[in-house]
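Asks: Can you read through this structure? Questions will come right after.
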Amino acid sequence: MGRGKPALWSALLGLPFVGGGAWLYLSQQQYPPVFGVPFVAFGLFIITVGAYVHIVSPSKLRTGEGEEILMTRHPTQRVATVKISIGLPLLLLTVILLYFTRIPYVYPTLTFAVGLYTFSKGLYVYWANSLTTYYMTNQRVVKEYRFLSLVRREVPHRKVRGVQERQSLIETLVGLGNVIVASGGGRSLEVRMRNMERSEEFADAVRDLI
Amino acid sequence: MSGVSRRGFLRTAGGAAVASTVLVVGTGTVSAAVTVSGRIVAYDDTPIANRRVYNYGDGQFNTYTDSNGRFSAETSEGARLHLVLYDISSRSHDFQQNSVPLVYSLGDFNVGQSNTNLGDIGVPQGFLVDMRALDSNGNPVEGATPGVRHNGSGIGESYISTNGNGWAQFDGVNFRGLEAAGRVELSMSIPTGGGEFSLSERVTVDGPKTVTFQIGEGVTVSDAGTSVESTSTATQTPTETTTATTDLPTDTATPTATADVPTDTVTPSDTATATGTDANASTSASTQAARRGFFGNGESAGEFGPLEDPFVLTVGGFALSVAGIAHQMLRGH
Chain G
1 MGRGKPALWS
11 ALLGLPFVGG
21 GAWLYLSQQQ
31 YPPVFGVPFV
41 AFGLFIITVG
51 AYVHIVSPSK
61 LRTGEGEEIL
71 MTRHPTQRVA
81 TVKISIGLPL
91 LLLTVILLYF
101 TRIPYVYPTL
111 TFAVGLYTFS
121 KGLYVYWANS
131 LTTYYMTNQR
141 VVKEYRFLSL
151 VRREVPHRKV
161 RGVQERQSLI
171 ETLVGLGNVI
181 VASGGGRSLE
191 VRMRNMERSE
201 EFADAVRDLI
Chain L
211 MSGVSRRGFL
221 RTAGGAAVAS
231 TVLVVGTGTV
241 SAAVTVSGRI
251 VAYDDTPIAN
261 RRVYNYGDGQ
271 FNTYTDSNGR
281 FSAETSEGAR
291 LHLVLYDISS
301 RSHDFQQNSV
311 PLVYSLGDFN
321 VGQSNTNLGD
331 IGVPQGFLVD
341 MRALDSNGNP
351 VEGATPGVRH
361 NGSGIGESYI
371 STNGNGWAQF
381 DGVNFRGLEA
391 AGRVELSMSI
401 PTGGGEFSLS
411 ERVTVDGPKT
421 VTFQIGEGVT
431 VSDAGTSVES
441 TSTATQTPTE
451 TTTATTDLPT
461 DTATPTATAD
471 VPTDTVTPSD
481 TATATGTDAN
491 ASTSASTQAA
501 RRGFFGNGES
511 AGEFGPLEDP
521 FVLTVGGFAL
531 SVAGIAHQML
541 RGH
């Protein structure tokens, strides 16, 4: 799953839901056709948001006088890939348990809850990462996120009081890390950069500038 | 431990965990097929021939008894079966008055690790249940849909409806009503101008019954005394009407077969194939599965309302997912 093609990947992820919904609506007799509607709607939601994310790519950072961009980073999509890869089989298992067996509903409900949460989280991480860019200039560290509106968080180098590195379990497995640049003024004055490849290198570069 | 070696360790451990899980799940789900067999006998020890036996438990199957009442089917070893007898012929839906209940849950049975003979499974005598649909003014309603369930398993609605006098009657037969045994749930969906009005009542069928479903009045159950053989247009008036809330006797129709038959009662010579075996066939339109519940199927079903509706579960899950994603995306990291 590569950055820069969210429309394509979202379409690939959404089409199975659309196809499954169409099958439920048109080609089976066991359940009322209306059962296909939520699947089609969810698939179209994925495709539509993916196309939108594809269009709304972040613009280049506007720099001030004498400001120079030293490093530009994007979050890597490996965490999203892992979550989606875990969620999709669970959702497939849910469809089988819910619609093709008669085991009590508690079992498909459990797989549905875990699978849909993991899959949705993966989708969100994928889209959010596609819309996020990290910059380090010679004056500040900036995180820029644009979905409907632009959200830009920045900490000037002169205010940086600490640099923290963290790795979740999944990030450890896929070789990514988080870098948190804090100004010492609480959480509102920190920039948290997630799913970053070679995060140590970025953190060291920030430390060198303060 | 360096970052690279730690990562390598975690990758190896994670891979091993995933492989172990796949192996365990695979081992647990792939089990060998064994043959389960048995014989269905009526209350008078005569074999019940050419009738449908459906397994709603593990390794579902659908088969028919042969002329000696024997059935056999393949299922997975160690499976727990839930067998239901439908008084429906293997050749056609020729509903008969034969003192065999139209639908009867035979109970749960454990299959051993090899071919398993369940022995003789008894079915109690079925009695005619005459069902009638009336509107709020006491007028008969034609086209209402009766239903009967025993221990959660029921007969479908495709072949029975009420006639011009409001009496339930299968298509193409010359008698009214249906046969049932034991404690059953009887229901009637009565069409109204804008939809349907449904009534249901649990009744112990220990003799011929007449059950009247009336909009606004509820359900009345009476002992019919004698079965009704004709489809005359004369109105049959219950002789001893009791209200639906009357305490009815407990289930007096007990199957002679005992549930949870010991496993591994293997008699290899007794695995003759029943005629018309149709293992793993899908449910026909004329039968309904044991009612599916949240924590269990059968009579416990229906206690968790919307959680037992796959449409509600699907819509609710997707709606929560979309709302969660939209909220996070709008809020940003």
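Residue numbers (this note's numbering), protein chains in the order written: chain G, 1 to 210; chain L, 211 to 543.
Cβ coordinates follow ideal geometry from the N, Cα and C atoms, glycine included.
Values in this document were obtained by computation on a predicted structure and should not be read as measured data.
#1: Measuring CA to CA, which of G184/G, E190/G, L189/G and V179/G is closest to H74/G?
#2: In chain G, which residues lie with their C-beta within 7 angstroms of the C-beta of L540/L?
#3: Taking 8 angstroms as the CB-CB limit, is S183/G close to chain L?
#4: Taking R153/G as part of the beta strand (DSSP E), name the residues at either end of that continuous run.
#5: Taking the runs of the beta strand (DSSP E) that are 3 residues or longer, which of them lie wholly in the region 234 to 297 of chain L?
#6: Around the Cβ of K419/L, are there at least 16 other Cβ atoms within 10 angstroms (buried) or fewer (exposed)?
#7: Based on Cα-Cα distance, which residue from R158/G, P156/G and Y134/G lies nearest to F202/G?
#8: Flag G238/L as yes if its beta-carbon sits less than 8 angstroms from any beta-carbon of chain G, otherwise no.
#9: Which same chain residues end up closer than 6 angstroms to M398/L when comparing Cβ atoms and leaving out the 5 residues on each side of it in sequence?
#10: Rounded to whole angstroms, how far is the Cβ of T76/G from the Cβ of E197/G, which I believe are closer than 8 angstroms?
#11: In terms of DSSP beta bridges, what is V125/G paired with?
#12: For W23/G and chain L, any beta-carbon pair shorter than 8 angstroms?
#13: Of all the beta strand (DSSP E) runs that stay within the bounds of the region 28 to 85 of chain G, which reach a length of 3 or more residues?
#14: Going by C-alpha to C-alpha distance, which of V106/G, P156/G and Y25/G sits closest to V141/G?
#15: According to the Cβ coordinates, are R261/L and D297/L closer than 8 angstroms?
#16: Are the region 38 to 48 of chain G and the region 9 to 22 of chain G touching, with three or more C-beta to C-beta distances below 8 angstroms?
#17: Assuming the contact rule is C-beta atoms closer than 8 angstroms, Y388/L and L295/L should be a hit. Round their C-beta distance to whole Å, please.
#18: Which chain G residues sit within Cβ distance under 9 angstroms of I365/L?
#19: So A289/L and D268/L are in contact, right, with Cβ under 8 angstroms, and what is the actual spacing, rounded?
#20: Mind the definition here: the region 96 to 105 of chain G touches the region 148 to 163 of chain G only if three or more C-beta pairs lie below 8 angstroms; say whether that holds.
#21: Which residue comes first and which comes last in the alpha helix (DSSP H) that contains I170/G?
#22: Report, in whole angstroms, the separation of the C-beta atoms of L123/G and Y145/G, which I expect to be a contact under 8 angstroms.
#23: Excluding sequence positions up to five away, which residues of its chain have a Cβ less than 7 angstroms from the Cβ of I86/G?
#24: Counting only beta-carbon separations shorter than 8 angstroms, does F42/G have a partner in chain L?
#25: Does DSSP put T355/L in a helix, a strand or coil?
#26: Return the CA-CA distance between E190/G and L530/L, expressed in angstroms with no decimal places.
#27: State yes or no: is the beta carbon of F202/G nearer than 8 angstroms to at least one beta carbon in chain L?
#28: Mind pulling the chain L residues with CB within less than 9 angstroms of T109/G?
#29: Rounded to a whole number of angstroms, what is the C-alpha to C-alpha distance between H537/L and I365/L?
#30: Between the C-alpha atoms of F112/G and L44/G, what's the straight-line distance to the nearest angstrom?
#31: Tell me, to the nearest whole angstrom, how far the beta carbon of I46/G is from that of L13/G; I am working on the premise that it is less than 8 angstroms.
#32: I'd like to check one pair, G248/L with F281/L: are the Cβ atoms closer than 8 angstroms?
#33: Under the DSSP definition of a beta bridge, which residues are partnered with E389/L?
#34: A378/L bridges to which residues according to DSSP?
#35: For S286/L, go through chain G and note every residue whose CB falls closer than 9 angstroms to its CB, in chain order.
#36: Assign E190/G to one of three DSSP states: helix, strand, or coil.
Replies: Let's see:
#1: The residue labelled residue 74/G in the question sits at position 74 within the first sequence. The residue from G184/G, E190/G, L189/G and V179/G with its alpha-carbon nearest to that of H74/G is V179/G.
#2: Position 330 of the second sequence, counting from 1, holds the residue named residue 540/L. Per Cβ cutoff of 7 angstroms: F147 and L148.
#3: The sequence position of residue 183/G within the first sequence is 183, counting from 1. Not closer than 8 angstroms to any Cβ of chain L, the Cβ of S183/G fails to qualify, so no.
#4: Counted from its first residue, the first sequence places residue 153/G at position 153. It spans L150 to P156 - the beta strand (DSSP E) in which R153/G sits, taken as one unbroken run.
#5: List check, beta strand (DSSP E) in window: 243 to 251, 261 to 265, 271 to 274 and 280 to 286.
#6: Your numbering for residue 419/L matches position 209 in the second sequence. Residue environment: K419/L is assigned as buried (16 or more neighbouring CB atoms within 10 Å of its CB, all protein chains considered).
#7: As a first step, residue 202/G is located in the first sequence; it is residue number 202 there, counting from the start. Among R158/G, P156/G and Y134/G, the Cα nearest to that of F202/G is on Y134/G.
#8: Numbered from its first residue, the second sequence carries residue 238/L at position 28. For G238/L, the predicted model reports a pLDDT of 44, less than 50, meaning its position is unreliable; a value from the coordinates is still stated below. G238/L is outside the set of residues whose beta carbon lies under 8 angstroms from a beta carbon in chain G.
#9: Numbered from 1 along the second sequence, position 188 holds the residue referred to as residue 398/L. Take M398/L, set aside five residues on each side of it, and the residues of its chain with a beta-carbon closer than 6 angstroms to its own are A343, A354, P356, L409 and F423, in chain order.
#10: Looking up residue 76/G in the first sequence gives position 76. Looking up residue 197/G in the first sequence gives position 197. 5 angstroms between Cβ atoms; contact.
#11: Locating residue 125/G in the first sequence gives position 125, where the first residue counts as 1. In DSSP, V125/G forms no bridge with anything.
#12: Within the first sequence, the letter at position 23 stands for residue 23/G. No - not a single Cβ of chain L is within 8 angstroms of the one on W23/G.
#13: Within the region 28 to 85 of chain G, the runs of beta strand (DSSP E) that reach at least 3 residues and sit entirely inside it are, in chain order, 69 to 73.
#14: As a working mapping, residue 141/G is identified with position 141 in the first sequence. V141/G has its Cα closest to that of P156/G, out of V106/G, P156/G and Y25/G.
#15: In the second sequence, the residue the question calls residue 261/L occupies position 51. In the second sequence, the residue the question calls residue 297/L occupies position 87. The answer is yes: Cβ separation under 8 angstroms.
#16: Yes, they touch.
#17: One-based indexing of the second sequence puts residue 388/L at position 178. One-based indexing of the second sequence puts residue 295/L at position 85. Strictly speaking, residue 388/L in this sequence is Leu, with Tyr absent from that position. Not a contact, Cβ separation roughly 14 angstroms.
#18: For the purposes of this step, residue 365/L is identified with residue 155 of the second sequence, where counting begins at 1. Under the 9 angstroms cutoff, chain G gives no residues; its nearest Cβ is about 17 angstroms from I365/L.
#19: Counting from one through the second sequence, the residue named residue 289/L turns up at place 79. Counting from one through the second sequence, the residue named residue 268/L turns up at place 58. A Cβ-Cβ distance of about 4 angstroms is found for the pair A289/L and D268/L, placing them in contact under the 8 angstroms criterion.
#20: Segment contact: the region 96 to 105 of chain G against the region 148 to 163 of chain G, fewer than three CB-CB distances shorter than 8 angstroms; contact not assigned.
#21: Residue 170/G sits at position 170 when you count from the first residue of the first sequence. In the DSSP annotation of this structure, the continuous segment of the alpha helix (DSSP H) that includes I170/G starts and ends at L169 to V174.
#22: Counting from one through the first sequence, the residue named residue 123/G turns up at place 123. Counting from one through the first sequence, the residue named residue 145/G turns up at place 145. Actually they do not touch by this definition, with Cβ atoms about 16 angstroms apart.
#23: By 1-based counting over the first sequence, the position of residue 86/G is 86. Contacts found: T118.
#24: On the first sequence, position 42 is the one that residue 42/G refers to. Judged by the 8 angstroms Cβ criterion, F42/G is in contact with chain L.
#25: Walking along the second sequence from the start, residue 355/L turns up at place 145. DSSP places T355/L within a strand segment (E or B) once states are collapsed to three.
#26: Here residue 190/G corresponds to residue number 190 of the first sequence, with the count starting at 1. Here residue 530/L corresponds to residue number 320 of the second sequence, with the count starting at 1. Looking at the two C-alpha atoms, the distance is approximately 30 angstroms.
#27: Start at 1 with the first residue of the first sequence, and residue 202/G comes out as number 202. Nearest CB-CB separation between F202/G and chain L: not below the 8 angstroms threshold.
#28: On the first sequence, residue 109/G is found 109 positions in, with the first residue counted as 1. Within 9 angstroms Cβ-Cβ: F504, L517, L523 and G527.
#29: Within the second sequence, residue 537/L is the residue found at index 327, counting from 1. Within the second sequence, residue 365/L is the residue found at index 155, counting from 1. Roughly 46 angstroms separates the two Cα atoms.
#30: Translated into positions along the first sequence, residue 112/G becomes position 112. Translated into positions along the first sequence, residue 44/G becomes position 44. Straight across, the Cα-Cα distance linking F112/G with L44/G is about 19 angstroms.
#31: The residue labelled residue 46/G in the question sits at position 46 within the first sequence. The residue labelled residue 13/G in the question sits at position 13 within the first sequence. About 6 angstroms separates the two Cβ atoms, so the contact holds.
#32: As a first step, residue 281/L is located in the second sequence; it is residue number 71 there, counting from the start. As a first step, residue 248/L is located in the second sequence; it is residue number 38 there, counting from the start. Yes, they are a contact pair.
#33: If you number the second sequence from 1, residue 389/L lands on position 179. L338/L.
#34: By one-based count along the second sequence, residue 378/L stands at place 168. DSSP lists T372/L as the bridge partner or partners of A378/L.
#35: What you label residue 286/L is simply residue 76 of the second sequence in a count that begins at 1. Within chain G, no residue has its CB atom less than 9 angstroms from the CB of S286/L, the nearest being about 13 angstroms off.
#36: Within the first sequence, the letter at position 190 stands for residue 190/G. Shown here, E190/G sits in a strand according to DSSP, grouped into three states.
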